[in-house]
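Notes for the one structure printed next.
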Amino acid sequence: MEKKDDNGNGNTNNIDLGEELASLNLQLKEKQEKIEKLELILDDVSTRFANSIHQFVELLGSIVAFQEKFYENSHSRFVSSKAGAIARALKMSADEIWQIETAGLLHDIGMIGLKDSIMAKFPLEMTEKETTYYQYHCELGRDLLRKFDEFAIVSEIVYQHHEFLDGSGFPRGLKGKQIHPGAQIIAICNTFHNLVYKVKKENDPRASSFTIQSKLPPTTVEITSSRFLAAISQLHQRAGLHFEKKFVEVLIEIIEKERKARGEKVITRVPIQKLAAGMIIYQNYYSPSGLLVAASGDIITDDSKKALIRMAEFGTIPPNILVLK
0 MEKKDDNGNG
10 NTNNIDLGEE
20 LASLNLQLKE
30 KQEKIEKLEL
40 ILDDVSTRFA
50 NSIHQFVELL
60 GSIVAFQEKF
70 YENSHSRFVS
80 SKAGAIARAL
90 KMSADEIWQI
100 ETAGLLHDIG
110 MIGLKDSIMA
120 KFPLEMTEKE
130 TTYYQYHCEL
140 GRDLLRKFDE
150 FAIVSEIVYQ
160 HHEFLDGSGF
170 PRGLKGKQIH
180 PGAQIIAICN
190 TFHNLVYKVK
200 KENDPRASSF
210 TIQSKLPPTT
220 VEITSSRFLA
230 AISQLHQRAG
240 LHFEKKFVEV
250 LIEIIEKERK
260 ARGEKVITRV
270 PIQKLAAGMI
280 IYQNYYSPSG
290 LLVAASGDII
300 TDDSKKALIR
310 MAEFGTIPPN
320 ILVLK
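Take 0 as the starting number for the sequence shown in numbering that gives the first Met the number 0 and just add one per residue.
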């Protein structure tokens, strides 16, 4: 029998409303569960995508590093590491830091295939024809990278990494704020590393396997004071003219701190499994095929330790390596 109110009317409206609210709540709950499932799927896809991009960048970086025959350590890794450190010191966003580090690692990708006779020289030593070939690497690097949407900004940084504030750089002679900050940072790190670590080697160390790297090599971590001071002096002279002063100051501060820390460390051979973040790789390690897989001066991180462990397990590098700790 239907309930009636004081006026004798039924309250079916209240009952219908209650049922409707219950139905809506159920629908909302189901939708929320679907949203949560979709979020989990999206997180998984995002992680997989991020890992894929990271692996792709590492692959490209390895290709670039393979041609670095005329440096005492990895040029591209140094530029990437120091450019990222500057970006962090300037409190740039995570996206900006990633773009700058990636561009630093790949800034010379356009030099793949360039003759050794050109790559062994400094720009001022090149003939007019060699200079033309050399300068084209900026455009080629941009064209290679911008085929991928994820590298849109990275490719532009790579394109601009030889531009100077006063417009005297190449390939477009950009000035001041026309130049991407990331490109300005990479230009400074690139210049410093070339001044200090570029050498002309008669024999390419890639010709030898890691198995014969048993005795202590001449240190490539502790560079000569004259070359270091000359490089610092040139950066100071070019600050405000070619390079942003603030960026130069930050790089020099970072380098000075690292040199001071290295002076307090000792060289020791450590099992790969016992490496710790902050240790510094003492010498270059090459795979049997000649690929530089661990560069002198690289600072070990948790991620790089995992990579080194995997390489040791596959026999790519020895189970014990020389580090500064």
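The beta carbon of each residue, even a glycine, is placed where N, CA and C say it ideally should be.
Just so it is clear, the structure is predicted and the values come from calculations on it, not from any experiment.
Pairwise C-alpha distance: L274 and K214: Residue placement at K214 cannot be trusted, given a pLDDT of 37 that sits under 50; the coordinates are not used to answer.
Cut-off 6 angstroms between Cβ atoms - residues of its own chain near V56, not counting five sequence neighbours on either side: So the list reads T101, once near-sequence residues are dropped.
Nonlocal neighbours in the same chain, by C-beta distance under 6 angstroms from I156, ignoring five residues either side: So the list reads A102, H179, G181, A182, once near-sequence residues are dropped.
Cβ neighbours of G175 in the same chain (closer than 7 angstroms, five flanking residues each side left out): Answer for G175: L164, listed in chain order.
Assumed close pair S79, L104 - CB separation to whole angstroms, cut-off 8 angstroms: Under the criterion of beta carbons closer than 8 angstroms, S79 and L104 qualify as touching, at roughly 4 angstroms.
Reduced DSSP category for L164 - H, G, I as helix; E, B as strand; rest coil: L164 carries a coil assignment under DSSP once its states are collapsed to helix, strand and coil.
Beta strand (DSSP E) segment containing L291, residue limits: Start and end: 291 to 293.
Length of the line joining the Cα atoms of L139 and G109: For L139 and G109, the distance between alpha carbons rounds to 5 angstroms.
Of the listed residues S288, M278, Q282, nearest to I301 (C-alpha basis): Note that residue 301 is Asp in the sequence shown here, rather than Ile. M278 is the residue among S288, M278, Q282 whose C-alpha sits nearest the C-alpha of D301.
Bridge partner(s) assigned by DSSP for N319: Answer is P270.
Beta-carbon proximity of F65 to V198, cut-off 8 angstroms: In terms of Cβ geometry, F65 and V198 do not form a close pair [threshold 8 angstroms].
Rounded separation between A151 and R145 - CA only: Looking at the two C-alpha atoms, the distance is approximately 5 angstroms.
8 angstroms Cβ cutoff met for I185 and I251: Taking C-beta atoms as the reference points, I185 and I251 fail to come closer than 8 angstroms.
Close-in-space but distant-in-sequence residues of the same chain around K305 (CB under 6 angstroms, 5 per side omitted): Excluding positions up to five away in sequence, the list is empty.
Those residues which DSSP pairs with K174 across a bridge: In the DSSP output, where bridge partners are listed per residue, K174 has D165.
Cβ separation of D107 and S75, assumed to be a contact under 8 angstroms, to the nearest whole Å: Your pair D107 and S75 checks out as a contact, with CB atoms roughly 6 angstroms apart and the cut at 8 angstroms.
Residue range of the unbroken alpha helix (DSSP H) whose run includes L240: Taken as a continuous stretch (DSSP letters only), L240 belongs to no alpha helix (DSSP H), as it is neither H nor E.
Alpha-carbon to alpha-carbon, E257 and G289: Near 29 angstroms, if we compare the C-alpha coordinates of E257 and G289.
Sufficient close CB pairs (3 or more, under 8 angstroms) joining the stretch 123 to 133 to the stretch 79 to 95: The stretch 123 to 133 is not in contact with the stretch 79 to 95.
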